[in-house]
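If you count the sequence shown from 1, position 72 lands on 430 in this note's numbering, and the numbers rise without skipping. Note that CB positions come from ideal geometry on N, CA and C, so glycine has one too. Predicted model only: the values in this text are computed from it and were never measured.
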Amino acid sequence: EVSASPCDEQVAEERTTVTLQRIAYDLDEVGVSRLLDEFGFAGTYDAVHVPRNRRQYMNVAYAFVNFVHPSHAARCISICNGRPFGWGEGLRDCRADYAKRQGKEVVEQLLAETIHKERRR
359 EVSASPCDEQ VAEERTTVTL QRIAYDLDEV GVSRLLDEFG FAGTYDAVHV
409 PRNRRQYMNV AYAFVNFVHP SHAARCISIC NGRPFGWGEG LRDCRADYAK
459 RQGKEVVEQL LAETIHKERR R
């Protein structure tokens, strides 16, 4: 059995950004926020970004959410992983995990880049 090093545990304790994969295609930032609020996360996150495919006017089935505290991020992964994330029928089970890049600034930068690309079109 391999145990995590203290360094790995410290990094895990500091992560606040989560990716939600396999979300409903019709969700945008407002829809993801509404669902998170319904799941009891109101006031626990400070940035949401949902990348979209503009040609098809839908998201690309994932979202980034930054939480204000690592415990909220861990709770989100626990609650959202393996359950449908959206409304309606035919939803797949969400895969929730920590994002590779962490922090509110990262999520806000991704959102700003998306807005900049949309304005150039």
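Within the same chain, show all residues whose beta-carbon is closer than 6 angstroms to that of residue i, passing over the 5 residues directly before and after it, in chain order.
i, result
"GLN460", "ARG373 and THR375"
"SER391", "VAL406"
"GLY440", "ASP451"
"PHE397", "ILE437"
Just to confirm the assignment, what range does the beta strand (DSSP E) spanning residue i have?
i, result
"ARG453", "453-456"
"VAL408", "Here VAL408 belongs to no beta strand (DSSP E), and DSSP marks it neither H nor E."
"THR377", "375-379"
Looking at the unbroken alpha helix (DSSP H) that takes in residue i, where does it start and where does it end?
i, result
"ASP395", "387-396"
Report the CB separation of residue i from residue j in whole angstroms; it is logged as a contact under 8 angstroms.
i, j, result
"PRO428", "ASN417", "Wrong, their Cβ atoms sit about 26 angstroms apart, outside the cutoff."
"LEU385", "GLY444", "6 angstroms"
"ASN424", "VAL388", "Actually they do not touch by this definition, with Cβ atoms about 16 angstroms apart."
Is the separation between the beta-carbon of residue i and that of residue j shorter than 8 angstroms?
i, j, result
"ASP380", "CYS438", "According to the sequence as given, residue 380 is Arg; it is not Asp. No, Cβ-Cβ distance for ARG380 and CYS438 is not below 8 angstroms."
"ILE435", "ASP404", "no"
"ILE400", "LEU449", "Rather than Ile, the amino acid found at residue 400 in this sequence is Ala. Not in contact: ALA400 and LEU449 (Cβ atoms no closer than 8 angstroms)."
"ALA457", "PHE422", "yes"
Below 7 angstroms CB to CB, which residues in the same chain sit around residue i once its five sequence neighbours on both sides are set aside?
i, result
"ALA419", "GLN379, ARG380, ILE381 and TYR383"
Q | In chain order, each alpha helix (DSSP H) run of at least 4 residues that lies wholly inside the region 410-465 | A | 428-438
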